[in-house]
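Numbering (my numbering), first residue to last: 29 to 155.
Structure representation (structure tokens):
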């Protein structure tokens with residue numbers, strides 16, 4: 029799925045998403061990652077939703093978002109309720125959706141100059 033161009037080429041946005049690949053500006057990412065408008069972290073240690081914990085979220089908090097858009101893979105799957113509470117306690121919203129929807133939502137929110145972070149769990153392909 030291709031995405032529309034962001035009006036400011038200095039802003040990190042999703043240019044393309046397909047299972048196993050997300051293109052952020054000119055960078056192809058094949059594993060779990062997180063980003064905001066100005067910073068991309070391509071080596072996020074969260075590989076599956078079952079692994080997601082407070083430490084993983086704390087890494088995303090380093091970007092100082094108002095809200096985290098969490099992509100949970102090819103299907104929307106909700107993390108443990110305690111992780112929603114952890115975000116709320118830190119004054120950060122957590123929205124959960126499948127990766128394609130998360131990418132689209134992130135792009136829309138960046139055009140509104142929102143302090144948003146996109147965190148994508150890119151699960152390894154099944155053997």
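Quick reminder that beta carbons are idealized off the backbone N, C-alpha and C, glycines included.
In this structure, residue 39 places its C-beta atom within 8 Å of the C-beta atom of residue 65. By the Cβ-count criterion, residue 60 is buried, with 16 or more other Cβ atoms from all chains shown falling within 10 Å of its own Cβ. Here residue 51 has 42, 43, 44, 45, 57 as same chain residues with Cβ atoms under 8 Å from its own Cβ, once five neighbours each way along the sequence are excluded.
For the pair residue 114 and residue 77, the CB atoms are not nearer than the 8 Å cut-off. Annotation for residue 80: 74, 107 place their beta carbon closer than 6 Å to its own, counting only its chain and skipping 5 residues before and after. Ranked by Cα distance from residue 111, the first of 131, 89, 126, 102 is 89.
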